[in-house]
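In what follows, a single structure is set out as structure tokens and then discussed.
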Amino acid sequence: MIFRGRLFVQIVSTAAFCHRALASEQISGRYLLVQQPQLIARDIYKSFRMGARRIEVLRGISMDIAHNETVFLSGASGAGKTTLLYTLAGLERPESGTVKFEGRELYSGSSSWEARLRNEKMGFVFQGYFLLPELTALENVLLPAMIGRRTTKGEAEESLAAVRLADRMHHLPAELSGGEQQRVAIARALTNNPDIIFADEPTGNLDSKTGDVIMDLLLNLARDRSKTLLVVTHDTRLATRGDRQLHITDGVLQ
565 MIFRGRLFVQ IVSTAAFCHR ALASEQISGR YLLVQQPQLI ARDIYKSFRM
615 GARRIEVLRG ISMDIAHNET VFLSGASGAG KTTLLYTLAG LERPESGTVK
665 FEGRELYSGS SSWEARLRNE KMGFVFQGYF LLPELTALEN VLLPAMIGRR
715 TTKGEAEESL AAVRLADRMH HLPAELSGGE QQRVAIARAL TNNPDIIFAD
765 EPTGNLDSKT GDVIMDLLLN LARDRSKTLL VVTHDTRLAT RGDRQLHITD
815 GVLQ
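Counted the way this note's numbering counts, the sequence shown spans residues 565 to 818.
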């Protein structure tokens, strides 16, 4: 179907393109397909109570993130960047506003549906590595397989090899350096082949040299595997390395 000289939007209902809106526009005899943003947030408000005080953390935030885009979210401590990441990832329900991921509204289904969505579609890397001390690196990477999609041992080994830990996969966390532990956490985030990775201060517990190595690794893996990546950081030097940088101040995007 061709409409010359004007933009049209076609909703594709096949299983392969469920929930994707595609636009086709003729430019010099060629047609471009443009996906809708993967993540859409509109008018997000969130506050917390500390005693008698009510603290507004997010104040009317609206933003989009495209498929395969790398976005850095920076801001001072307490600015609301981690709360925003948690809200976008379905971990922190906003007081008002909407968050849509791949065409479906978060916080509109059951808690079990939200948990399954996170397990199957999202990967997480935190400042703390959250590795179980009694499990080896390989066993820690296999943990997401306990819920939802089953990850094979071979897939977990491939993820560890991708972060250059093929020779350390049978070591316990106490036998690994901080940088190696964070690489295990990155491998765990990749194992279920997520569509998007949320990284909250992934270099926050590391020295600058090790942090640069970890960030290089995370950026390269996201690019090579066509993953969307949202990174929260207070390091303005790192925040310039993505496709786009957002800055949050007192709960408002700048």
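The C-beta atom is built at its ideal place from N, Cα and C for all residues, glycine as well.
Model, not experiment: these values are computed from the prediction.
Rounded separation between residue i and residue j - CA only
i: Ser672; j: Lys773; result: 42 Å
i: Ala749; j: Leu707; result: 11 Å
i: Ala730; j: Asp788; result: 19 Å
i: Ala653; j: Arg682; result: 8 Å
i: Leu781; j: Ser790; result: 14 Å
i: His631; j: Phe612; result: 31 Å
i: Ala585; j: Val816; result: Unreliable positioning characterises Ala585 in this predicted model, as indicated by a pLDDT of 40, which lies under 50. A coordinate reading is not provided.
i: His735; j: Gly692; result: 18 Å
i: Ala701; j: Ser674; result: 32 Å
i: Asn784; j: Gln809; result: 17 Å
i: Glu659; j: Lys610; result: 5 Å
i: Gln599; j: Arg606; result: 18 Å
i: Leu649; j: Met614; result: 21 Å
i: Pro861; j: Arg728; result: As shown, the chain starts at 565 and ends at 818. That puts residue 861 outside it, with no answer to give.
i: Glu703; j: Ala616; result: 45 Å
i: Leu670; j: Lys645; result: 19 Å
i: Thr804; j: Ile604; result: 22 Å
i: Glu623; j: Gln818; result: In the sequence as presented, Glu is not what sits at residue 623; that position holds Arg. Rounded to whole angstroms, Arg623 to Gln818 spans 12 Å at the Cα level.
i: Gly806; j: Lys717; result: 32 Å
i: Met779; j: Phe762; result: 13 Å
i: Glu722; j: Met627; result: 34 Å
Of the residues the options, the one placed nearest residue i, counting alpha carbons only
i: Val635; options: Leu793, Gly815, Asp814, Thr813; result: Leu793
i: Ala753; options: Pro697, Gly743, Glu684, Val777; result: Glu684
i: Gly642; options: Gln602, Thr813, Leu695; result: Thr813
i: Leu802; options: Thr767, Thr716, Glu721; result: Thr767
i: Ile608; options: Glu678, Lys664, Gly615, Gln809; result: Lys664
i: Leu655; options: Trp677, Ile778, Arg617; result: Trp677
i: Glu633; options: Gln818, Glu669, Ile760; result: Ile760
Residue i classed as buried or exposed, judged by whether at least 16 other C-beta atoms fall within 10 angstroms
i: Ile619; result: exposed
i: Asn756; result: buried
i: Thr651; result: buried
i: Leu571; result: For Leu571, the pLDDT reaches just 35, beneath the cut-off of 50, and the residue's location in the model is therefore unreliable, although a value from the coordinates is still provided. Under this definition Leu571 is an exposed residue.
i: Gln746; result: buried
i: Leu695; result: buried
i: Ala679; result: exposed
i: Ala640; result: exposed
Beta-carbon spacing of residue i, residue j below 7 Å
i: Gly796; j: Leu637; result: Here the sequence assigns Val to residue 796, which means Gly is not the residue at that position. Closer than 7 Å, so yes.
i: Thr647; j: Val621; result: yes
i: Leu602; j: Ile625; result: For the record, residue 602 in the displayed sequence is Gln; it is not Leu. Against a cut-off of 7 Å, the Cβ pair of Ile625 and Gln602 comes out as no contact.
i: Val705; j: Ala726; result: no
i: Phe690; j: Asp799; result: no
i: Pro758; j: Gly687; result: yes
i: Leu724; j: Ala751; result: yes
Contact with chain C by residue i, beta-carbon distance below 7 Å
i: Arg801; result: Any reference to chain C falls outside this structure, which holds one protein chain only.
Inset, instruction - Count the CB pairs spanning the segment 733–748 and the segment 764–778 that are closer than 8 Å, and state whether there are at least three. - result: yes
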